[in-house]
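Mapping to the numbering used here: the sequence shown position 92 is 239, numbers consecutive.
Beta carbons are placed, not taken as given, at the ideal position from N, Cα and C, and that holds for glycine.
As the structure is a computational prediction, the values presented were derived from the model and not from experiment.
Only one structure is covered here, and it is reproduced in the block below.
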Amino acid sequence: MNKFSGQVPDSFGKLKELSSLYLDENSLSGDIPESLGLCVSLVCLNLAGNSLSGRIPESLGSLRLLNSLNLSGNRLTGLIPVALSTLKLSLLDLSNNELSGSVPESLISGRFVGNSGLCSSKISKHLSTLEICYITAAVLVLFLLFCYGIYKVKKDRSNRTAQKKNDCLVSSFRLLNLNEMEVIDEIKPENLIGRGGHGDVYKVTLRNGETLAVKHILGTDTCNREFEAEVATLSNVKHINVVKLFCSITSEDSKLLVYEFMTNGSLWEQLHERRGDQKIGWRVRQAIALGAAKGLEYLHHGLDQPVIHRDVKSSNILLDEEWRPRIADFGLAKIIQPDSVQRDVSSSIVEGTLGYIAPEYAYTTKVNEKSDVYSFGVVLMELVTGKKPMEVEFGENRDIVSWVLSRSKEMEKEKMMELIDPVIEYEYKEDALKVLTIALLCTGKSPQVRPFMKSVVRMLETTGTSYDKSNGEASHGVSDSVEITE
Numbered sequence: 148m149n150k151f152s153g154q155v156p157d158s159f160g161k162l163k164e165l166s167s168l169y170l171d172e173n174s175l176s177g178d179i180p181e182s183l184g185l186c187v188s189l190v191c192l193n194l195a196g197n198s199l200s201g202r203i204p205e206s207l208g209s210l211r212l213l214n215s216l217n218l219s220g221n222r223l224t225g226l227i228p229v230a231l232s233t234l235k236l237s238l239l240d241l242s243n244n245e246l247s248g249s250v251p252e253s254l255i256s257g258r259f260v261g262n263s264g265l266c267s268s269k270i271s272k273h274l275s276t277l278e279i280c281y282i283t284a285a286v287l288v289l290f291l292l293f294c295y296g297i298y299k300v301k302k303d304r305s306n307r308t309a310q311k312k313n314d315c316l317v318s319s320f321r322l323l324n325l326n327e328m329e330v331i332d333e334i335k336p337e338n339l340i341g342r343g344g345h346g347d348v349y350k351v352t353l354r355n356g357e358t359l360a361v362k363h364i365l366g367t368d369t370c371n372r373e374f375e376a377e378v379a380t381l382s383n384v385k386h387i388n389v390v391k392l393f394c395s396i397t398s399e400d401s402k403l404l405v406y407e408f409m410t411n412g413s414l415w416e417q418l419h420e421r422r423g424d425q426k427i428g429w430r431v432r433q434a435i436a437l438g439a440a441k442g443l444e445y446l447h448h449g450l451d452q453p454v455i456h457r458d459v460k461s462s463n464i465l466l467d468e469e470w471r472p473r474i475a476d477f478g479l480a481k482i483i484q485p486d487s488v489q490r491d492v493s494s495s496i497v498e499g500t501l502g503y504i505a506p507e508y509a510y511t512t513k514v515n516e517k518s519d520v521y522s523f524g525v526v527l528m529e530l531v532t533g534k535k536p537m538e539v540e541f542g543e544n545r546d547i548v549s550w551v552l553s554r555s556k557e558m559e560k561e562k563m564m565e566l567i568d569p570v571i572e573y574e575y576k577e578d579a580l581k582v583l584t585i586a587l588l589c590t591g592k593s594p595q596v597r598p599f600m601k602s603v604v605r606m607l608e609t610t611g612t613s614y615d616k617s618n619g620e621a622s623h624g625v626s627d628s629v630e631i632t633e
């Protein structure tokens, strides 16, 4: 975090190759310059948590590559530019400002809380006398029909429930005693715990007390492909470090995936959304690294049909109540056929998440499991440094890999220690440095020089003495523990 103050420089508009601009949590003020609309290569723009005022520039709507726009926590006023609705944003956060007017319909999935002057549409509040008469008559008719309606509803309820249940197709992959209607009935706003590009995730608690995570896949062709990919991948996968898919529930208008619920959320949340002493210590981080590596090793080498995940990142590594990691979200996964001579898969577009994508995507449409290895190396760097894959301090057009690589070439061992997250206890910094070395091997520029996940697991198993190999335990703080299961 920096302590920048003053205005956002108008000269930023001259940076035609600028891809990411993170100036969040500073003390910047004044207007957002229109010239930012000239940064044609901009993918991520984060100005959250400042004191910026004025209107949102219309020129931002011309940034065709913009994928993430976060202007939350400022003092912005006026209308939301309609031009933003032409962008393909995976993240739009305009919350906690002073915006007014209506929200463009195509942006309704963004975050707008804390703007008291906003509304999703403007509805006239003036009714004609004739309209009032119609409404009064309708109310009277409804009242007369009310008693009959109650009777009819009660009579038909059991029939509708039975019909709806018959219309659902349940495919079970693990033993779980549940009623699909009980799950479907809990898909409601108050149970929403996460949003994604292809669906929402709900926390569902059954009557027997068991808690599940249910992913509701949206009804588009792309989302249907994601649904099929997850089912095809996870239906035959059984490993302690891969998330458990209990069943899928499909109907004419709905597709649900029912998973185990992970109490401690994602690794991203634990590393980047916790502060100070709330962050996990090194022994837990090391156990998470090893467990996640074993999950990927199983996907690559432990199945008759190997699986390439293609979106390995810290937010797709979930943590249970004992801090054991699970590889999750297989919407982009590809299964390699066992009779295939080559283990490459083709992709017409770049798949994955900015900061984790392997460099070979820039020059080939064929990728293999070494692309997952690269992404996992980025996760290891997050675990050791506590940094996000993309940070302002790395410099323009640089990510955590180039930052660590450049610092490792410039520094002596003592200086290298400065890369390690200050939260990590001093006695474990040597071990953390060894894991950082493994991360550098995993993120080699050429796929051929990267190790296979089998080798990564072996290397992680031999780094330091920070966990007891005899019983596989690692402590979180003083009393919590993590069990590493083979």
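| message | When you compare the CB positions of Leu226 and Gly257, do they come within less than 9 Å of one another, or not? | response | no
Worksheet item: Which class does Asn217 belong to by DSSP, given the choice of helix, strand or coil?
Response: strand
- Task: Classify Thr609 as buried or exposed, calling it buried when 16 or more other Cβ atoms lie within 10 Å of its own Cβ.
- Result: exposed
I'd like to know whether the C-beta atoms of Ile474 and Asn355 end up nearer to each other than 9 Å. no
_At the level of alpha carbons, what is the spacing between Ser167 and Pro156?_
So the two alpha carbons sit approximately 15 Å from each other.
Whether Tyr521 touches Thr584 by CB criterion (9 Å):
no
Figure out for me which residue from Leu238, Pro472, Val229 has the closest Cα to the Cα of His386. Pro472
Item to complete: Mind reading off the beta-carbon distance from Leu381 to Phe477? Whole number of angstroms is fine, and I expect it under 8 Å.
Response: 6 Å
Residue nearest to Val250 in terms of C-alpha spacing, selected from Asn243, Gly533, Cys266, Ser555: Cys266
**Exposure label - Ala440; buried when at least 16 CB within 10 Å** = buried
Quick one: what's got a C-beta closer than 6 Å to Arg202's C-beta in the same chain, skipping five residues either side? Gly225
Legend entry - Expected contact under 8 Å - CB spacing of Glu333 and Val351 to nearest Å: 4 Å
*asked:* Below 8 Å, how does it come out for the segment 410-423 and the segment 502-511: are there three or more Cβ pairs, yes or no?
replied: Counting C-beta pairs closer than 8 Å gives fewer than three between the segment 410-423 and the segment 502-511, which falls short of the contact rule.
**Cα-Cα separation between Ser518 and Ser413, rounded to whole angstroms** = 21 Å
When the distance is taken between beta carbons, is Met606 closer than 9 Å to Pro594?
For the 9 Å CB-CB criterion, Pro594 and Met606 do not form a contact.
When DSSP labels each residue in this structure, what does Tyr503 get in the three-state scheme? coil
query = Given that a residue counts as buried once 16 or more other Cβ atoms are within 10 Å of its Cβ, and exposed if not, what is Glu407?
reply = Buried, because 16 or more other Cβ atoms sit within 10 Å of the Cβ of Glu407.
- When the Cα of Leu189 is compared with those of Glu565, Gly499, Leu213, Ser242, which residue comes out closest? Leu213
Leu210: which of Glu469, Glu561, Glu181, Asn411 sits nearest, CA to CA? Nearest of Glu469, Glu561, Glu181, Asn411 to Leu210, Cα basis: Glu181.
_Candidates Ser219, Val431, Gly153, of which the one nearest Glu469 by Cα_ = Of Ser219, Val431, Gly153, the residue nearest in Cα terms is Val431.
Handout entry: Close beta carbons around Lys534, own chain, < 6 Å, minus the five adjacent residues each side
Key = Ile547
| said: Comparing C-alpha positions only, which one of Ser398, Tyr445, Leu339 sits nearest to Asn383? | reply: The residue with the shortest Cα to Cα distance from Asn383 is Tyr445.
Using alpha carbons as the reference points, say which of Gly346, Val531, Asn338, Met558 lies closest to Trp415. Val531
Residues near Pro228 by beta carbon distance below 6 Å, same chain, minus five either side:
For Pro228, same chain residues with a beta-carbon under 6 Å away, outside a window of 5 residues either side, are Ile203, Glu205, Gly208 in chain order.
Distance check for Pro336 and Val286, CA to CA, integer angstroms please. 29 Å
Could you give the distance in angstroms between the alpha-carbon of Val187 and the alpha-carbon of Val526?
29 Å
- prompt: According to the Cβ coordinates, are Asn173 and Leu192 closer than 9 Å?
  reply: no
Where do the N-terminal and C-terminal ends of the beta strand (DSSP E) with Ala360 fall, by residue? Start and end: 358-364.
My guess is that Ser242 and Arg222 are in contact by the Cβ rule of under 8 Å, so how many angstroms apart are they, rounded?
-> That belief does not hold up - the Cβ atoms of Ser242 and Arg222 are roughly 13 Å apart, past 8 Å.
Am I right that Gly220 and Ser200 are in contact with their C-beta atoms under 8 Å? What's the rounded C-beta distance? With 8 Å as the limit, Gly220 and Ser200 do not qualify as a contact, their Cβ atoms being about 12 Å apart.
Could you pull the start and end residues of the alpha helix (DSSP H) that Gln433 belongs to?
429-448
By the DSSP assignment, the alpha helix (DSSP H) with Gln154 in it spans what residues? Looking at the DSSP string, Gln154 is not in any alpha helix (DSSP H); the run it does join, the beta strand (DSSP E), is 152-154.
- Between the Cα of Gly502 and the Cα atoms of Val459, Glu516, Leu443, Leu466, which residue gives the shortest distance? Val459
With 16 other Cβ atoms within 10 Å as the buried cut-off, status of Ser461
buried
From Gly261, Phe541, Arg554, His363, residue whose alpha carbon lies closest to that of Glu245:
Gly261
Taking the CB atoms as reference points, tell me whether Leu185 and Lys150 lie closer together than 9 Å.
no
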